[in-house]
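These notes concern the structure reproduced below.
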Amino acid sequence: MLLSEEEQYQQLEQTNDALRQGQYQTAERLAQQLSTSHIEDVAINGQRFLGLVYFHQQHYAQAWPIFKELASRTQSVSDWFNVVTSATLAGNLQQGTNAFENAIKAHEESLDTPGLSVASMHLYFACALRDQSAYEQAFEHVQILRALYEKLPQTDARLLDLRNFPRVDAVLDLMVDVLSQSGDIPEAQEWLLEFGGKLKGTPPELIDAAIARLLSLAPPKKPEAEPEPKQPLKPAAPTTPRDRQIPLPMELREDKDPRLD
Numbered sequence: 001m002l003l004s005e006e007e008q009y010q011q012l013e014q015t016n017d018a019l020r021q022g023q024y025q026t027a028e029r030l031a032q033q034l035s036t037s038h039i040e041d042v043a044i045n046g047q048r049f050l051g052l053v054y055f056h057q058q059h060y061a062q063a064w065p066i067f068k069e070l071a072s073r074t075q076s077v078s079d080w081f082n083v084v085t086s087a088t089l090a091g092n093l094q095q096g097t098n099a100f101e102n103a104i105k106a107h108e109e110s111l112d113t114p115g116l117s118v119a120s121m122h123l124y125f126a127c128a129l130r131d132q133s134a135y136e137q138a139f140e141h142v143q144i145l146r147a148l149y150e151k152l153p154q155t156d157a158r159l160l161d162l163r164n165f166p167r168v169d170a171v172l173d174l175m176v177d178v179l180s181q182s183g184d185i186p187e188a189q190e191w192l193l194e195f196g197g198k199l200k201g202t203p204p205e206l207i208d209a210a211i212a213r214l215l216s217l218a219p220p221k222k223p224e225a226e227p228e229p230k231q232p233l234k235p236a237a238p239t240t241p242r243d244r245q246i247p248l249p250m251e252l253r254e255d256k257d258p259r260l261d
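Numbering follows full-length UniProt numbering, in which position 215 of the sequence shown is assigned residue number 215; successive positions increment by one, without gaps.
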């Protein structure tokens, strides 16, 4: 039975309600019906809801192809970014990276103000990369975030909200998570101190708390090995000139490369 246009929009609302309430089977069934609608707006939203149903259940491998097909159709920043997060969390980092480039391009070409700022996209992509233990890639976005925030005339919460920038504490949490995997905690601590010193309007207590958390995440130091007890000296066996080994020059030794262990 075909639904009227009004009934289809009502079904969209029902799908949204079911998704919010965690009724995923109902939401999936309704979204699948709507995604084949002859009304373009209804079909687009139905497809989006279908991807979100899988995303909210952490079925990322099912979600990202749906979002990719949708984003190719709408060229929307948010649709491309749904591909970024779902593909990355599915472990497909290359698809996530490609989609991120498309999201940035769509943002630059958008005539309307996109819901996601560039800073937000870098933050959330880095969070997804962190969750996949892709710390080197995440650090690339952390560095971009640092540059973006250091250029701001003020970083208090009200002005960040006006610019649609994430709050500084959320950025610091990500930075600490990534820097704690660097293997050089003192250098990471200095990095955070330099960043905090360039922020305008951010309370020093936030930086202090971030550094304290960084130090708490540092791997424990290995205990120093106790020195081996010295062996009593034994008198050397008498040797004759024939018994003595003359050290070979470095060029002739088979073990001329210095040992690294």
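Just so it is clear, CB atoms sit at the ideal spot from N, CA and C, and this is done for glycine as well.
{"Item": "7 Å Cβ shell around A157 - same chain, five flanking residues per side excluded", "Value": "R167"}
{"Item": "Under 8 Å between C-beta atoms of Q57 and Y24", "Value": "yes"}
{"Item": "Limits of the unbroken alpha helix (DSSP H) element including A103", "Value": "93-109"}
{"Item": "Q137, buried or exposed, once every other Cβ within 10 Å from all chains shown has been counted against 16", "Value": "buried"}
{"Item": "8 Å Cβ cutoff met for L214 and L199", "Value": "no"}
{"Item": "Start-end ranges of the alpha helix (DSSP H) lying completely within the region 12-54, minimum 4 residues", "Value": "24-34"}
{"Item": "Under 8 Å between C-beta atoms of Y54 and A63", "Value": "yes"}
{"Item": "Among F195, G115, L159, T113, nearest to V142 - alpha-carbon criterion", "Value": "F195"}
{"Item": "Continuous alpha helix (DSSP H) stretch holding Y82: start and end", "Value": "Checking the displayed sequence, the identity of residue 82 turns out to be Asn instead of Tyr. Unbroken alpha helix (DSSP H) run through N82: 77-89."}
{"Item": "Neighbourhood of Q95 by C-beta distance below 6 Å, restricted to the same chain and skipping five residues each side", "Value": "A87"}
{"Item": "Through-space distance from D79 to F100, alpha-carbon basis", "Value": "11 Å"}
{"Item": "Reduced DSSP category for F195 - H, G, I as helix; E, B as strand; rest coil", "Value": "helix"}
{"Item": "At least 3 beta-carbon pairs within less than 8 Å: the region 45-52 vs the region 28-36", "Value": "yes"}
{"Item": "Best match in Q189, G91, L160 for proximity to S120 [C-alpha to C-alpha]", "Value": "L160"}
{"Item": "Option in E40, V84, A71 with minimal Cα separation from Y60", "Value": "V84"}
{"Item": "Reduced DSSP category for R167 - H, G, I as helix; E, B as strand; rest coil", "Value": "coil"}
{"Item": "Proximity winner among L129, P203, G183, relative to A90 (alpha-carbon distances)", "Value": "L129"}
{"Item": "DSSP-derived helix/strand/coil call for T74", "Value": "helix"}
{"Item": "Cβ neighbour criterion (16 or more within 10 Å) applied to Q8", "Value": "buried"}
{"Item": "With 16 other Cβ atoms within 10 Å as the buried cut-off, status of Q245", "Value": "Low confidence applies to Q245: its pLDDT is 38, below 50, so where it sits in the model is not reliable, and the reading given next is rough at best. Q245 comes out exposed."}
{"Item": "DSSP state of L162 mapped onto helix, strand, coil", "Value": "helix"}
{"Item": "Range covered by the alpha helix (DSSP H) that runs through L123", "Value": "118-131"}
{"Item": "Collapsed DSSP secondary structure at P65 in the structure displayed", "Value": "helix"}
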